[in-house]
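Everything on this sheet refers to the single structure shown next.
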Amino acid sequence: MNYLEHTLAELACDIPGATRVFHHYKLDFCCGGKVKLGEAIVGRAFSGEQICADLAAVAQQPADERDWRESGIGELIEHILTRYHAIHRIQLPELIRLAKRVEHVHGERQDCPKGLSSHLALMLDELEQHMQKEEQILFPLLQAGQYAVAAGPIQVMQLEHEEHGDNLQTMERLTDNITPPPFACVTWRALYTGLNQLREDLMAHIHLENNVLFPAVAMAQEVKG
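Taking our numbering, the leading residue of the sequence shown gets 105, the next gets one more, and so forth.
Shown next, in the form of structure tokens:
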């Protein structure tokens with residue numbers, strides 16, 4: 105299999121564990137999932153042979169992740185609600201609290217992530233509005249089988265996913281790619297551990313919708329005619 109000729113979304117869906125490889129190499133498989141791997145790595149500090157070897161290695165391991173393409177639309181929606189919507193609502197308020205603490209205590213340091221708490225508050229507000237649109241409009245339409253009517257809301261969600269991706273990039277810029285400085289205190293390190301988890305969860309959330317749920321809806325609409 106020539107991994108370089110496949111899109112990041114295809115590889116993320118087809119190879120259990122591929123998302124871990126993409127996180128390691130800082131590749132956007134959610135919002136940027138339509139890009140072929142070979143194109144995505146142009147100008148990067150690693151070779152195609154290197155990342156392909158890593159993908160081949162994880163492809164040989166037993167699958168420890170469920171292939172959600174094999175589930176029904178309703179089941180996938182329930183998973184998104186419990187695994188991601190509910191978790192984001194727990195993650196972000198705590199991260200905002202930790203960020204405020206770090207900025208208050210270490211605000212005079214040059215490497216302090218100044219503005220991080222305000223940015224996380226913005227992320228929470230935008231993500232909450234996004235999730236409510238899904239919970240109150242999009243998901244009920246999909247669960248009722250009204251796939252054609254859902255086409256408009258899906259386009260809106262995809263555009264907002266791009267904005268969430270931009271917000272993650274800003275978060276990374278404010279935190280030196282979520283890298284704590286030497287001798288960072290326990291609170292600072294806990295904050296960055298939480299930010300890494302948020303990044304992984306939000307990217308997985310967007311990936312499931314962009315690359316699994318929405319294509320499943322399009323296929324269901326074709327079958328329904």
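Cβ coordinates follow ideal geometry from the N, Cα and C atoms, glycine included.
Note that the structure is predicted; figures quoted are calculated from it, not measured.
Of the candidates V260, N315, N271, M323, N315 places its Cα closest to the Cα of W172.
Per DSSP, reduced to three states, the secondary structure at T274 is helical.
Considering only D280, I282, M235, the residue with the shortest C-alpha distance to V260 is M235. Only residues of its own chain outside the window of five on either side were considered, and among them Y107, L115, I119, A122, V125 have a CB closer than 7 Å to the CB of L159, listed in chain order. Contact fails between the region 145-153 and the region 288-297, because fewer than three Cβ pairs, one in each stretch, are under 8 Å apart. By the criterion of at least three beta-carbon pairs nearer than 8 Å, the region 260-269 is in contact with the region 234-248. Taking all protein chains shown into account, Q195 has 16 or more neighbouring C-beta atoms within 10 Å of its C-beta and is therefore buried.
Contact check for C134 and I310: beta-carbon distance about 4 Å, within the 8 Å limit, so the pair qualifies.
DSSP, reduced to helix, strand and coil, places T186 within a helical segment of the structure shown. Three or more Cβ pairs closer than 8 Å define a contact, and the region 178-193 falls short of that threshold against the region 266-273. By DSSP's assignment, K130 forms no beta bridge with any residue. T111 is bridged by DSSP to K140. In this structure L228 is in contact with P197, their Cβ atoms being roughly 7 Å apart against a cut-off of 8 Å. Within the model, the alpha-carbon separation for L112 versus V139 is close to 6 Å.
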